Structures are given as structure tokens and as C-alpha cells.
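These protein sequence lines map, in sequence, to chains H and F. Going by the numbering used here, the first sequence opens with residue 1, and the numbers climb by one from there. Going by the numbering used here, the second sequence opens with residue 1, and the numbers climb by one from there. Positions of the beta carbon are idealized from the N, C-alpha and C atoms, including for glycine. Predicted, not measured: the structure shown is a model, and the values here were computed from it.
2 protein chains.
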Amino acid sequence: MARLSNLMLLLLLVWVVSAFTLLPISRGISVRTAGKWPYDHHDQSERTNAEKTALQQQMADKIDRLPGQPPVGFDQYSGYVTVDAFAGRALFYWLVEAWTDAPNKPLVLWLNGGPGCSSIAYGAAEELGPFLIDPDASTLYLNSYSWNSEANLLFLESPAGVGFSYTNTSSDLNNTGDASTAIDASRFLINWFERFPQYKNRPFYIAGESYAGHYVPQLAHVLHNHPVTKKHSLSHINLKGILLGNAELDNYADSAGQIDYWYHHAMISYETYLGIKKHCKWNHEYYTDDCYNLLGYAQAYEIGNIDLYSLYTPKCLNGSNSRVISRHKRRLKGNEFVNQIPNQLEEPAYDPCSENYAEVYFNRPDVQKALHANTTGISYRWTACSSTLFALWQDTPDSVLWILKELIAAKLRVWVYSGDADGVVPVQGTRYSLNSLNLTIKSPWFPWYMPNQQVGGRSVEYEGLTFVTIRGAGHEVPLLHRGPSLVLFRSFLSGQSVPRQKRT
Amino acid sequence: MARLSNLMLLLLLVWVVSAFTLLPISRGISVRTAGKWPYDHHDQSERTNAEKTALQQQMADKIDRLPGQPPVGFDQYSGYVTVDAFAGRALFYWLVEAWTDAPNKPLVLWLNGGPGCSSIAYGAAEELGPFLIDPDASTLYLNSYSWNSEANLLFLESPAGVGFSYTNTSSDLNNTGDASTAIDASRFLINWFERFPQYKNRPFYIAGESYAGHYVPQLAHVLHNHPVTKKHSLSHINLKGILLGNAELDNYADSAGQIDYWYHHAMISYETYLGIKKHCKWNHEYYTDDCYNLLGYAQAYEIGNIDLYSLYTPKCLNGSNSRVISRHKRRLKGNEFVNQIPNQLEEPAYDPCSENYAEVYFNRPDVQKALHANTTGISYRWTACSSTLFALWQDTPDSVLWILKELIAAKLRVWVYSGDADGVVPVQGTRYSLNSLNLTIKSPWFPWYMPNQQVGGRSVEYEGLTFVTIRGAGHEVPLLHRGPSLVLFRSFLSGQSVPRQKRT
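Pasting the structure below:
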């Protein structure tokens, strides 16, 4: 860990020296898209005009009603925020305000991972958003466990090249990596808060899952560390904490944990497990052919054609799951919805094909029009994940644990959760990561309970970091275990432990 | 393993010397209930009379119709078979013949574990039998995945003191253990085949789960090894193989596997795991207070109030689960049933409280009368498990792996399966047991598939032993994953591998 600490010191020094320039957050990789803060060019009169324009844009972004959407009592906005006018780079967002009392509820930015996957395809339309897409891909039904019962939700398609977010400088796509993603996301936030001044100084959290285990801490790092924070445009961003789900945090820990997890979940043979332990060093410089071959063998011949993101649920095999259609047809009306929050005991049936419906729905012209999306006529279809970005991804540090340490030291709220039936970023890898932080245990490992007295998972609270597991949930926790995910989200926002039950 | 081999040789020697006396099958523990084979007392004319009486008894055992039972086309028999006339010990059985073509289907004896638990409460009424009990505990509905689509099923409440099986010598209950259980079960079989001569020479298998991991091999050992087998009463018992599910096979392997499994399934903390690894030697002679305390702490404070037998399903909390009643009300008629076998895609909803319904149903006087049960007026209620037997259980060897080796060497079919979401006899313990047998791998670890192309689990085939996992199933596999359990059972009976799918 000494190496990380030295690097942190070095980085801090460079921050101070370079003052107004955004810096790389991934160690040793130079920033390709560095620039000045947008507001450094404006004088006071320009700023006033900019504010007027921004407010007009906010009203223009207001969503009337999405095709197939049931009536609701909260407001939604969506549209583009330019992050680099010269390059023509703009990011697409969707703001879903809280079901009730929005002005007094916090703002939560949600990011999905990939890299290259859309927070709208996954987070908004499948996991924690208020509307879920019917298998017919033309009607929406209410998600009784939407996180907008607790907060205003800001879904961002990040970086450019993901979903509706675009760049007019196609070479941008060849140069995207962690550093530029964090910088563009911070530029997005600065501009977005200008468009939505009512959210300035609002308690603000950044949440995400999977490869957003990189995005979220990196963005928090940029927001937290930039030396202009206190006097410039970031000063109104009231960042209170981060929430990371089944998050990639450290290549070594995640990889070692994944193999241990696979073996102990009876997914691979003992012989293959021993071979992988012997030949894989989990370091890009030392990956051997034997390691690659064994990993390939395990996946091709041992694990089988399962949904590796959710080990015990059926896999979507034919693109739609007719079995669940009838259950999904039980759409709820708005008024019923309010009464049903919180804590229905029965979650809707899980549909393993749900992620396919988004690819149909969000390519409908009427949906794009209602969302103020694709206004520039992007030359490709909207997809849940960009294979181009994934394939061309540049800088990706081996570990972001040093940023977690930094955020903990800065007294931000840092929560990490893990659906314990995920074979891609398994709970065991996350545990290895957290163990390596050597934090002091404040509340030792304990089970937590849902209102119906079923065990939701377990938790351990360290000084400065809370870890929560969700029993039986796969990678996309809010999709797979909606009720427990909402209990978790409430606990996070309140800063309280997940609910304990006294033993009787 | 040398110690085991020597013991086996010693045992074989003693068998030969003592000829007609049943011997202990658990090493070093003397038999308390030894006696002579029942037929050694009879001359030919007595035997003929006995046969007549037996056939009359078979007809008396025929079940007309159980209270609340839907109509079916197969026959059922139930009643008592005396295993020790002097002590007044009799075992209760329930024979469910195959749905179709019963005379050409094999006979399978099913045993549940405990020790002290009823094969009727679990196997017959909850897992693999043709009738399941409604939450109202008064009506039965058809199990579309009953194993009697493939075989004639003989459920035995074993030993005396379990369920309806009784002894008039109450001290028997203080002296019950593995050895006497196997001996009584073999006596039961000898007498039962006299009552049901149509089953003599029928392909015969013994199956069971949990602590029946002891019963099944031990009974097979008695049947297979007794020197009178070839010329006496056992000669018509055509034992072809055994099938063991989530079976206790070896204390060391099961215990070590359980702790590894708990930790890697995010049930216990790293600290507790390390402590248990350090302080528990998994040997009765070396259990330390620290070990006991850590195990107690893990269960009391870390794992939480889950169903340890099925990690990812809800626990039965209030004795009944009203949510599932409406689904269970969909009872099927007999004719529909035939058409629906095989392989419905949708299994009935899992009801975590189902084991409670048997305790009501089987205590109903009309049910007992229809079953020819409790004819002697037992002074206690029928219960799914006998806590008395469990508490007073005598001999229980640390390992039965040496018997598996013996049965493999004798070319019996030996299959072991494991629902991989069981926290009590976890798949990891079974893998450690099988690894320790050092068998030659014939077909390396591979995934197997259900007809709907979902992965049912994985399998590895050794020379002489097949191991199959059932993905996501807990301890009671046929209850928790009915479809996959039936596919497994068919494969076992056919002696073919569980279904592979060619990779496309």
C-alpha cells in the first residue's frame, strides 16, 4: 500500500501545482481531453445570460409523457448537456424526480458500467427507475420499488459513445478511458447544475454498479479534489457520499475472488481451479497462455450456458420470456403506487429477458422524440452497451482502492454493496478488496432483515465504509431483488445501518 | 485410507466366520439387536403358509384412497412389517407403484435422514411422492414431477421410533444407531419381499438424502455382503445401485466443506472463518471449546435466521405461507397428469412451510386409518422427525466412504448428487469426500441441461461413481427443483449421463 500512498501524495502535489487544469485520475496516464472549466471564459453578464438560457433549456427538457407510460405525479426531464463544444461532445441524461416531496429529497446520480453501457438501459429502465418496459416493448409499467421514492434520480449515459450520448469528433471514441470519462462527467455536472439551479447545494450522491466501481470514485475524486472547488463552479456540488454495487475495485482482488467464488459455487472443477490458481497471477503483465487457456476452458466447457451475472435464475435464451408477460401485465395505477410504497412483500416475477426490451423501446422514434434524444440524428442504433467503446477503452487503472481511502479520509459516506449470487464481480472479490484496506471494524458482520423478517443479506461496518450483501441477488441488485435493494438505498441515504432484528 | 482397508478385511473375515449372524456395519461398535434371519426357522410347509399369509397381508395393505386424494391410476400399499417379533418392532412402509407399466419398472427404496426423520414426511409427502399436501392439510394435489413416473417407490420410516414405525420394547430407542438401523432395514426388506413376491428379482435401487448418506450405503453393504445372500432369503434382492443426495459421507470432509462453503457464500465473516479454520479439527476427539464457541457465534450472530437447508429461498416464519395457497389450489386431475409428464417448464411455487402440513395431515385419524398406520395406538403424535432418536443416537461412524469404495468395486451403480445451495451438507463437503476417494475421472466436469436448455447443474463421472450437482437447489432437491430432480432420477435409472447439450 506504500506505493499507493506515495502516488496519492504525488498526485496531490501535482493538483496543487497545476491549479486550474483537470488532471489525470488514473495513475501514469496523461489526459487527452484536458481543458479549462467552462466558466473561466465567462464574465458576469455572460453568466446571467447563460443562466437564462439554461433555465429555458430545463423547461425544454421537461418530458411530457413517454409512449406507453402510466400517469405519475412526479416530473421528469431529459436531454443533452454539452461537455466539449469544440469537439461536439454531449452527454444524455434523464432526471426522474422523487415521487413525493422532490425539493426536500437528495439528488442521486446513477452510473452503469461496461465500460460502454447505458445507465438508461440498465439503471433506469430495468433496475431502479420508476418505469419498467413490458415484453411488448411498447408499454411501461410502474416499478413499485423505484428508488425515486427516496431521491431524485439522475441517470447519465456516460461517456460519449454510450447510448444517446455522442461526439462529433469520431476520434474521441478511440481515446476514451477512465480519465476522460471522469472529466467529461464532471463537466456534465457543472453544466447540468446550471440548467437545474434548484438542485444546487442539494445533498448529492453518486451511485453505480459494475465498472462504475471505477467511474463513481473517480468522479468523486475529481469533484472532491479540484482546487477550485471552494471558490468556483464546483462549490455548490454538495457531494455527501458514494454507493457502489458489485463494483470492480481492484483487478487482483476481483480476479482472485472470482475464481475462488466459481470453485466454491460448484461452477468449475477442482482440477481447473488448481490450474488457474497456479497459472494466473492476475496481473496484466504476467498473464500466461496457460492462464488464458484455463479460463477459457472453464467458461466454455465447465460452467455452462448460464447467466453468469445471476447464477441461480434462468438465462434469457430466445430474446423474450413469454411466461412472465402475464404477470407483468399487472400494471399499477399511480395512486395505488403511492400506497404500496414501502415494502411490498411480493416482488414481480423476474424476467431474464428484460434487458432486451430496452433495445426495442429506446429505438422507437416516438420514444426518442419524447425523451428529446437523438436530436442530431446519430448514425447508429441506440444500444444498451457500446462494443466499440469497450474494445477501444484506453486507461483503466488496476485499482481504485486508493481513491476509496481518500474519500473515507475526507469523511464522505462510502457504502459498498454486493449481490452475493453474481459470478462476474463476485462478493468474494469485493471482500478481498475491502480486507486489503485494513479498516477498523466498527460493527462486525451481522445479518440484516427485511420488514417481512427474511434475511436481506449481511453487513459489516468499518470506520468510514459500510459493506452490505444482498442474499441471493446477482449483479444487477435492484433488478433481481427489488425489495432488499430499496431497503439498502434508504439505509444508505439515511446513513443508518441496514435494519437489524433483535434475536428473540 | 490404509486403516479403512484393514478394517474392511477384518470385517469380511468376521462375516465369514459368523455366517448366519448379522454383524455390525459400523466399525468397533457391537450389535445390540443381532438375531437370526427370519427364514432360518421355517421348513417348507411353514414357508408356504407364510407366503399365503403374506399375500393376504399385501391385499390388506392396499390403500383404497387417501383423504383428500385426487383420483389416480396406480396402486398404493402401506402398513407394517415386523422386524423383531420378540421385541415387538415393526417398520411402516408406503409403496407407491409407478404411474404406468408398474410391473416393468424398477423398485426404489427411499430413505430420509435425521437421524430420526420420516421418509413419508419428507420424501413421500414433500419431495418425490405423487401427492403433495395443501396448506389446508386436508387435501392432496398431484406432484407433476413425482419419481413414480419412472419407478415403483417404497418409502420406509426407519428405524423404529421414526414416524409410525414403533417398538414395544422402549429401551430399543436408547440403543438405536447406524448398525441396528441397517439390520432392521434389511430384515424389513426380506419380509417385505415375501409380502410382495411380484417384486422379487426386480431391479432394485436404494436412494436417500442427508443422513441417509449413512443408511443407504450401510444397508447396501449388508445386502451385498452377507454370505448367505446367494443361497438364502436375500438372493432375490436384485440390488443394482444406490443414489445419494446431499449426503453425509465423511465428518471431516463435510465439516471442512461446510465452513469453506459458508465463507465463500458470504454467510460468515472473514474473522470467524479464520478462527474456525484454526480451532476446529473436525474430529470428535479434538473439538475444542474455541471451535464450539466460534461455530455457535457464526450461527447465532452472523448467518441470520435463514433456512440453512436452502440458502436463497424464504424461510418459513409463521408455520404457513398464505401467499402460495392460491397457486397450490391448481390441482391437476389424473388424466391431465399423464399428459403433463414429462418436463413441464414451470414448477409449482416453492412453499417454505410445506413440511409443516404433513404433521397435521398424518395425525388425522382418517388418514391413519386409510394408511393402515398406527394400528397399535402409539402413545405419541406422529412427527416428521424424532428428537428422542436424534438425541439418543448411538453408533455413527465418522465416514462411510469405505463402503462406497466397496460398492464401486462390486460394480454397483453409485451416484451422488448435491443441490448446490444447501448450507447443511454443502456441495463443497461432498466434493472433498469424493476427491479423497482418488477415483479415475472418466468424464471431466461438465454442465448438464434441462429440456428447456437451462443448465440443471454440473456433473463429473468417475470410474464407478457419478457425481451430479443441481444448480440452485437446497438440501431437499426434489422439493426445491422438481424438474431437474426428475431428469437426474431418469438418468440414474437408465445408467446414462445427465443430458449434455452440444455447444452451438
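Between the beta-carbon of H:D172 and that of H:R89 there is about 6 Å, and that keeps the pair under the 8 Å contact cut. Short of 6 Å from the beta carbon of F:Q76, and not among the five residues preceding or following it, lie these beta carbons of its own chain, in chain order: I63, V96. Burial state of H:R381 is exposed, judged by a 10 Å Cβ sphere holding fewer than 16 other Cβ atoms. Where H:K240 is concerned, the enclosing beta strand (DSSP E) starts and stops at 238-245. Not a single C-beta of chain F is nearer than 8 Å to the C-beta of H:K200. Unbroken alpha helix (DSSP H) runs of no fewer than 4 residues, entirely contained in the region 367-399 of chain H, are found at 387-392, following chain order. By the Cβ criterion, the region 399-412 of chain F is not in contact with the region 145-161 of chain F, since fewer than three pairs of Cβ atoms, one from each stretch, lie closer than 8 Å. Within its own chain, the residues whose Cβ lies closer than 6 Å to the Cβ of F:S138, once the five positions on either side in sequence are excluded, are G68, listed in chain order.
By the Cβ rule, the region 355-365 of chain H does not count as touching the region 476-495 of chain F, because fewer than three pairs are nearer than 8 Å. Residue pairing by DSSP places H:R413 opposite H:G241 in a beta bridge. DSSP, reduced to helix, strand and coil, places F:K52 within a helical segment of the structure shown. In the assembly as shown, H:R500 is an exposed residue. Its beta-carbon has fewer than 16 other beta-carbons within 10 Å. Going by DSSP, F:Y273 is part of the alpha helix (DSSP H) stretching over 270-279. Taking 8 Å as the cut-off, the Cβ atoms of F:D184 and F:L109 do not count as close.
Neighbourhood of F:N435 in chain H, by CB distance below 8 Å: Y270, in chain order.
Apart from sequence neighbours up to five positions away, the residues of its chain that approach F:T466 with a beta-carbon distance below 7 Å are W415, S459, ordered along the chain. When 7 Å is used as the limit between beta carbons, H:K315 is near these residues of chain F: Q454, in chain order.
Of F:T430, F:G472, F:S443, the smallest CA-CA separation from F:G245 is found for F:T430. Just measuring C-alpha positions, the residue of F:P451, F:V427, F:R482 sitting nearest F:T469 is F:V427. The criterion of a C-beta distance shorter than 8 Å is not satisfied by H:A207 and H:V425. Taking each of F:R202, F:Q368, F:Y301, F:K405 in turn and checking the Cα distance to F:L439, the smallest one comes out for F:K405. Taking a contact to require three or more Cβ pairs closer than 8 Å, the region 275-294 of chain H and the region 433-451 of chain H do not qualify as touching. In terms of Cβ geometry, F:L389 and F:G116 form a close pair [threshold 8 Å].
A distance below 8 Å separates the beta carbons of F:V477 and F:Y417.
Taking a beta-carbon distance threshold of 8 Å, F:Q56 does not count as an interface residue toward chain H. Burial state of H:D134 is buried, judged by a 10 Å Cβ sphere holding 16 or more other Cβ atoms. For the 8 Å CB-CB criterion, F:T272 and F:N191 do not form a contact. Proximity to F:L317 across H:K315, H:Y449, H:E209 peaks at H:Y449, based on C-alpha coordinates.
About 6 Å separates the Cβ atoms of H:L223 and H:S186, confirming a contact at the 8 Å cut-off. Where F:E359 is concerned, there is no enclosing beta strand (DSSP E), although the alpha helix (DSSP H) around it starts and stops at 354-361. Residue environment for H:S310: buried (at least 16 other C-beta atoms within 10 angstroms of its C-beta). Interface annotation for the region 460-482 of chain F against chain H: V460, T469, R471, G472, criterion Cβ-Cβ distance under 7 Å. Straight through space, the alpha carbons of H:N148 and H:G129 are spaced by roughly 7 Å. Short of 8 Å from the beta carbon of F:L295, and not among the five residues preceding or following it, lie these beta carbons of its own chain, in chain order: I276, C280.
Here H:E157 carries a strand assignment [DSSP, helix/strand/coil]. With a cutoff of 8 Å on beta-carbon distance, H:L412 and H:L219 are scored as not near each other.
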